[in-house]
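Below: the structure, in structure tokens.
There are 2 protein chains.
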Amino acid sequence: MSPAATSPAKADLSRARILDAAAALFRERGYSAVSLRDIAAGADMKAGSVYYHFASKEEIVLEVLNIGIAAVHDQVLQTVAALPEDTPADRLLRAGMLAHLRTLFEFNDYSSANVRIYHHVPEEVRRANATERRRYERLWDQLLQRPQVREALRPELDLKLLRLLLIGSLNATLDWF
Amino acid sequence: MSPAATSPAKADLSRARILDAAAALFRERGYSAVSLRDIAAGADMKAGSVYYHFASKEEIVLEVLNIGIAAVHDQVLQTVAALPEDTPADRLLRAGMLAHLRTLFEFNDYSSANVRIYHHVPEEVRRANATERRRYERLWDQLLQRPQVREALRPELDLKLLRLLLIGSLNATLDWF
DNA sequence: TAAACTGTCGAACGTTTGTTAGATTAATTC
DNA sequence: GAATTAATCTAACAAACGTTCGACAGTTTA
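Chains as they are written, first to last, in the working numbering: chain G, 1 to 177; chain A, 1001 to 1177.
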């Protein structure tokens, strides 16, 4: 078997274990309350070993945040892309919202960690995550601007504000459990 | 002037300064990221002095959380109590929601700190805050159970779930700014 | 088999954490 | 004005923090 195809697996697996542990811990305890020793223990290694895969705690949390948004983005995009362009507004929005919720509750830790810790992460990390965040907001803005959606809504409605209300409400359901 | 009427003021003022500083810091940075030295500095004193007024950091955050909910509770209660018992459902709910929002954005730090840090606070603190929290939830449950509100809603609607959605959405507006 | 590379460990670093305790100043009481 | 009390400060504590680094075993390459 080709060595280049098997050997990269080890490091990548450790990396993934670190991210998984970090996402789960951040989600339930917050960013500052989770130590690198906690993360390492969750990934079955010692604190020093983590630094073979990541340069800092901030680098870990940034990747967790990015993965969390990317997951929701991909799910929503994939869902609405499977529908015809002229799908009625209510069915289109319902599908998008459901995809968002499903990701939040099934691909649990990364996406919900993002919702919960975003505000309390170092400003530098927040800025670095903003690009991914804006990409997702753009997706919803495009959905809301489709003609059949605009026709279904009161014309004076602020679409950006509607998008904020929509995503905010979906994320707020995390508190239900 | 009676001595007992003036002298308690000093300690109470320091206590209030500590709580104000803590609420503001918790709100913007989270619970674990704020040190007692940060809080003390925000209250114009040194870390050791804080312990004259509070036994621990947890005692401070608990009081911040309790005040935060009590403020929203009192505002909403006061607002709806001023309305006639048979106020139409839409006006009643609108008034309650507006009171909630207004407190969140004007009596800013305590209430919004509560929304933001509740999930990441030590479990013991969360349990201690639950009493106050349930008191506020009960207030909304009572509003939603008034006859004119029940009539305005689909009868199969789960009122507890509606209350969760309602409060959750209102709190989510904090992300808008 | 020797050499090189991968991934993890153990121990230490300087800093910061929550908290305690004794000294010290400011205010009140007698 | 002396004695008490109230409130703050200074300095220290042990523990935990993020991070660094040299040693080391396991695997891959030559």
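Glycine included, every Cβ here is placed at the ideal spot set by N, Cα and C.
Cβ atoms of A:Leu1083 and A:Leu1092 come within 8 angstroms of each other, at about 6 angstroms. Using a Cβ-Cβ cut-off of 7 angstroms, A:Ala1033 is close to Ser32, His120 of chain G, given in chain order.
Around the beta carbon of A:Tyr1031, 16 or more other beta carbons sit within 10 angstroms, so the residue counts as buried. Close to A:Asn1129, with beta-carbon spacing below 9 angstroms, lies no residue of chain G; the smallest spacing is near 14 angstroms. The alpha carbon of G:His73 has as its nearest neighbour, out of G:Gln145, G:Asp141, G:Trp176, the alpha carbon of G:Asp141. Annotation: Cβ neighbours of A:Leu1164 in chain G (cutoff 9 angstroms, chain order): Ala172, Thr173, Asp175, Trp176. Using a Cβ distance threshold of 8 angstroms, G:Glu58 and G:Val125 count as a contacting pair. Contacts with chain G at 8 angstroms (Cβ-Cβ) do not include A:Ser1111.
A contact between stretches requires three or more CB pairs, one per stretch, nearer than 8 angstroms, and the stretch 135–151 of chain G fails this requirement with the stretch 35–53 of chain G. The three-state secondary structure of A:Leu1013, taken from DSSP, is helix. With respect to A:Val1076, A:Leu1019 sits apart: the two C-beta atoms are not nearer than 8 angstroms. Counting the other CB atoms within 10 Å of its CB gives A:Leu1157 a total below 16, which places it among the exposed residues. When 7 angstroms is used as the limit between beta carbons, G:Arg116 is near these residues of chain A: His1119, in chain order. At a beta-carbon threshold of 7 angstroms, none of the residues of chain A lie near G:Gly48; the nearest stands roughly 23 angstroms away. In terms of beta-carbon proximity, A:Ser1056 stays away from the interface with chain G, with every pair separated by 8 angstroms or more.
Taking C-alpha positions only, A:Leu1159 is separated from A:Arg1027 by approximately 30 angstroms. Within the same chain, Cβ atoms closer than 6 angstroms to the Cβ of G:Ala22 are found at Ile39, Ile60, Val64, the five residues on either side in sequence being excluded.
The criterion of a C-beta distance shorter than 8 angstroms is satisfied by A:Ala1033 and G:His120. For G:Arg29, the chain A residues whose Cβ falls inside 7 angstroms of its Cβ are His1120, in order along the chain. In the structure shown, the three-state DSSP call for G:Asp74 is helix. Around G:Gly168, the beta-carbon contacts reaching into chain A at under 8 angstroms are Ser1169, Ala1172, Thr1173, Asp1175, Trp1176. Less than 8 angstroms separates the beta-carbon of A:Ile1069 from that of A:Arg1133. When secondary structure is reduced to three states using DSSP, A:Leu1174 falls in the helix class. Annotation: G:Arg127 to A:Leu1170 spans about 26 angstroms, alpha carbon to alpha carbon. Between G:Arg17 and G:Asp44, the CB-CB gap stays under 8 angstroms. Nearest in C-alpha terms to A:Pro1147, of all of A:Asp1012, A:Thr1087, A:Leu1166, is A:Thr1087. Cβ neighbours of A:Ala1047 within its own chain (closer than 6 angstroms, five residues either side excluded): Leu1036, Arg1037, Ala1040. Rounded to the nearest whole angstrom, the C-alpha separation of G:Leu164 and G:Tyr136 is 12 angstroms. Contact annotation: G:Thr79 and G:Ala89 have beta-carbon atoms that are not nearer than 8 angstroms. In the three-state DSSP reduction, A:Arg1102 falls in the helix class (H, G or I).
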